[in-house]
Amino acid sequence: MLEAVEVSKTFGATQALKGVSLCVKSGEIYCLLGANGAGKTTLINLFLDFHRPTSGAVRVNGRVVASAPIETKRDIAYIPEQVMLYGMLSGLENLDYFAALATGGRQPNKHLNALLIEAGLPADAARRRVSGYSSGLDPSAANEFSALLTRSRERGVAILTTTHDLFHAKQTGTRVGIMKRGSLVQELDSADVTHSDLETLYLQHMRD
Amino acid sequence: MVVLMIAAILTGWQQQRTVQAERNAGQALDYDAWLKQGWRHPHNAADQGMHVFKPDPPLSVIDPGIDPFVGSTIWLRSHRQSETKFRPAQDATGLKRFGNLSPAWLLQVLGPLLVIILGFSAFSGEREQGTLRQLLSLGVSTRRLLWGKALALTGALGLLLLPAALLASMAVLSNLGSQNVLDVAARLALLGSAYGLYLGGAVFFVLGVSALCRTARASLFLLLALWIACVLIAPRAIADFANRAYPAPSRLAFESGLTKDLGTAATKVWKANFGVSTQWDASVPLNKWGKALQVDDRAGYGVLDRDFGSLWDTFERQQHLQELVGIIAPVVSLRSFSMAAAGTDFSHHRDFSESAEKQRRRIQEVVSDDLVKHADPLGNQHFSYKAGPAVWAKVPRFNYRAPYAAFALRRHGISLAMLAIVFAISILFARFAVTRRPNF
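For the record, the sequence lines run as chains L and D.
According to my numbering, the stretch in the first sequence is residues 165 to 372, in order.
According to my numbering, the stretch in the second sequence is residues 666 to 1105, in order.
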């Protein structure tokens, strides 16, 4: 469960977050919508302890992030918009490195190979250096990613995601939050709105 | 750099073999010539004197120190203490040292550069790439990441430098000759720990700076600028500062001052003993000339001790001041400790010079003693007296043994302490740098 309680964050003179509260429960996919600079990424950074809130607190599974930064991160899987890999290493070596750091120990190669195959990577990807691979999502990859989110939700994972894609938010998300200039201006269940309602609502907020 | 290093070790090793052999042979020949000089007037023999050679310490392969600048041969002649050249060449840095490519110089100057090249992007590069964010999101603490990177950097450095270090140790041990193996091993250990602290400090410092920079390029520029300032410029500036704080007289000024002091002291004793106001005054009977030589020599000893002592103290004071300021430029502390541990610094040079002077006085005493014993009873035959091999043999062979490693540690332990402090500060700095909120 991810919770933000009245969090504010200022960088110098700019106030990136103004008393935002939200809660993502187990089995929910919470989609944050909003223009660039609305504070979506700042909020995510607070959950990862990349920034400390100026006031208020963020919690992961009930634990305050700022006082247990390492432990709370153990409960989080963070997938950046652009996944970066080490160009000098092969796919398998990249996976080996990240997995070892995440789990605190080396994972058997067999296990890692199985994961790569499961991910549908070309057979030689494991051996080749990864430089040149793009991690951008093409339509089919985006579709797969949505399916992955849905499967995780069914396993009881709480998912917080930022997106500009209203269609995706409506289809995959269970909750939608609209952010504007550092505030959460509206929250709704995606089951309660149609795609066109969501679009109208969003555009209305952006215009004000 | 590894190639340069190996080349430097091999040339140093070869040079040492030939130089050591030549010096041993030279000194033996010279002493033989002294013994076999036949029948001569002792004063003439003393005027000719003999040469003594400073043994080349085995570790000079690694750090020749000031030896190439101060020379290694002293002429033990009568009346006056000679020195090998004594310009404070141990302060020479930068370009002056480029002509003198020793393994020590390579490690001191290019070692940090190697660390910079290997490690400048350790954090900043990952930050720029976005992988740092991913690593930290996995729940890895930045301190563990720091230790891991330090380990990796040290490993890479070790892989590059270890072969050279092994080669250097082998070169040193193979030229050992009559040297004390334990002492050489102790000196090697001292050298190893000093360079370890220095490069270890560089590792943490580079990682710390990398952690503070946003981009790899920024960290590279900053580190290169710091390298130029601390490794190339600061030592020169510190040496100049030390020279100004404890000014040493020019060679010319020192020589003329010494001549004046010797003259004053001599005049006093000639007046007291023989009632004349100038040295070697014709009114002193020739049968007193043996006694006169003795009195004259002995009057000089105190003056020489005082004048040379104060000159050398000045050099050592400059050196110590530099070692203390080494906290800004650790390379200065490392340089002086490295020379000391290798046995090629000024303290070791002074030790040799002092024992050469003792030998010179031994010769003088033997000669004037003999002249006093054979004082001319006739009054005009002073110069026709000739001494033989029995007198020459009274002067023992000059067997100089360089001081042990403990001597180096006692004199320059402060430098090692400075390096340890700098190492500790670097670790603290790196820990502070990585735990600072990263700016993503």
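The beta-carbon is built from N, C-alpha and C at its ideal position, and this holds for glycine as well.
Item: Report yes if the C-beta distance between D:Y911 and D:Q983 is below 8 Å; otherwise report no.; Value: yes
Item: Along chain D, in chain order, which residues have C-beta atoms closer than 7 Å to that of L:M370?; Value: What L:M370 touches in chain D: nothing, since even the nearest Cβ is about 26 Å away.
Item: Let me know if L:K173 comes out buried or exposed under the rule of 16 or more other beta-carbons within 10 Å of its beta-carbon.; Value: buried
Item: Which residues in the same chain as D:G1107 place their Cβ atom closer than 6 Å to its Cβ, once the five residues preceding and following it in sequence are excluded?; Value: It is not possible to answer for residue 1107 of chain D, since the shown part of chain D is limited to 666 through 1105.
Item: Taking just the CA atoms, how far does L:I281 sit from L:R227?; Value: 36 Å
Item: Taking all protein chains shown into account, decide if L:N273 is buried (16 or more other Cβ within 10 angstroms of its Cβ) or exposed.; Value: exposed
Item: With a cut-off of 8 Å, does the C-beta of D:V896 fall near any C-beta of chain L?; Value: no
Item: How do the region 733–746 of chain D and the region 334–349 of chain L stand: do at least 3 beta-carbon pairs fall below 8 Å, yes or no?; Value: no
Item: If you pair each beta-carbon of the region 980–997 of chain D with each one of the region 896–913 of chain D, do three or more pairs fall below 8 Å?; Value: yes
Item: Check distances from the C-beta atoms of the region 788–809 of chain D to those of chain L and list, in chain order, the residues that come in under 8 Å.; Value: Q794, G795, T796, R798, Q799, L800, L801, S802, L803, G804, V805, S806
Item: Applying a beta-carbon distance threshold of less than 7 Å, which residues of chain D neighbour L:P303?; Value: Those do not exist, as L:P303 stays about 24 Å from chain D at its closest Cβ, beyond 7 Å.
Item: Is it true that the region 1003–1021 of chain D meets the region 1087–1101 of chain D, where meeting means three or more beta-carbon pairs spaced less than 8 Å apart?; Value: no
Item: Pick from D:F1063, D:L1081, D:K1051: whose alpha carbon is nearest that of D:L741?; Value: D:F1063
Item: Please classify D:G759: does DSSP put it in a helix, a strand, or coil?; Value: Bear in mind that the predicted position of D:G759 carries a pLDDT of just 39, short of 50, making it unreliable; the figure below should be weighed with that in mind. Three-state DSSP puts D:G759 in a helix.
Item: In the DSSP assignment, find the unbroken beta strand (DSSP E) run with L:V349 in it and report its ends.; Value: 347–353
Item: Take D:A957 as the anchor and find which of D:L772, D:V1032, D:M666 has the nearest alpha-carbon.; Value: D:V1032
Item: Of all the options D:R808, D:S858, D:A710, D:W678, which has the alpha carbon lying nearest to the alpha carbon of D:D1035?; Value: D:A710
Item: Does the contact criterion of 3 or more C-beta pairs under 8 Å hold for the region 943–963 of chain D versus the region 922–932 of chain D?; Value: yes
Item: Less than 8 Å between the beta carbons of D:L855 and D:F785, yes or no?; Value: no
Item: Mark L:H359 as exposed unless 16 or more other C-beta atoms lie within 10 angstroms of its C-beta, in which case mark it buried.; Value: exposed
Item: Using the beta-carbon of each residue, which ones in chain D are nearer than 9 Å to L:P244?; Value: G795, R798, Q799, S802
Item: Look at the Cβ atom of L:G191, then the Cβ atom of L:G346, and state whether they are nearer than 8 Å.; Value: no
Item: Assuming L:S219 is part of the alpha helix (DSSP H), what are its boundary residues?; Value: L:S219 -> not in any alpha helix (DSSP H); beta strand (DSSP E) instead, spanning 219–224.
Item: Run down chain D in chain order and give the residues with a C-beta less than 7 Å from the C-beta of L:M248.; Value: Q794, G795, T796, Q799
Item: List, in order along the chain, the chain D residues whose C-beta lies closer than 7 Å to that of L:K204?; Value: Result: empty, since nearest Cβ-Cβ is about 14 Å, beyond 7 Å.
Item: I'd like the span of the alpha helix (DSSP H) that includes D:Y863, first residue to last.; Value: 846–877
Item: What are the partner residues of D:W740, as DSSP defines its beta bridges?; Value: D:H716
Item: Can you tell me which of the three DSSP states D:K750 falls into?; Value: Low confidence applies here, because D:K750 scores a pLDDT of 46, under 50, leaving its location unreliable and the question unanswered by this model.
Item: Using a C-beta cutoff of 8 Å, does L:K237 count as contacting chain D?; Value: yes
Item: Cβ of L:L181 less than 8 Å from any chain D Cβ?; Value: no
Item: Considering only the alpha carbon of each residue, which of L:M165, L:N200, L:A333 lies closest to L:L186?; Value: L:M165
Item: State yes or no: is the C-beta of L:P244 within less than 8 Å of the C-beta of D:R798?; Value: yes
Item: Does the beta carbon of L:H359 sit closer than 8 Å to a beta carbon anywhere in chain D?; Value: no
Item: Here's a check: name, in chain order, each residue in its chain whose Cβ is nearer than 6 Å to the Cβ of L:R223, leaving out the five neighbours to either side.; Value: E167
Item: Closer than 8 Å, CB to CB, is L:F262 near chain D or not?; Value: yes
Item: Tell me, to the nearest whole angstrom, how far the beta carbon of L:A177 is from that of L:K344; I am working on the premise that it is less than 8 Å.; Value: Wrong, their Cβ atoms sit about 19 Å apart, outside the cutoff.
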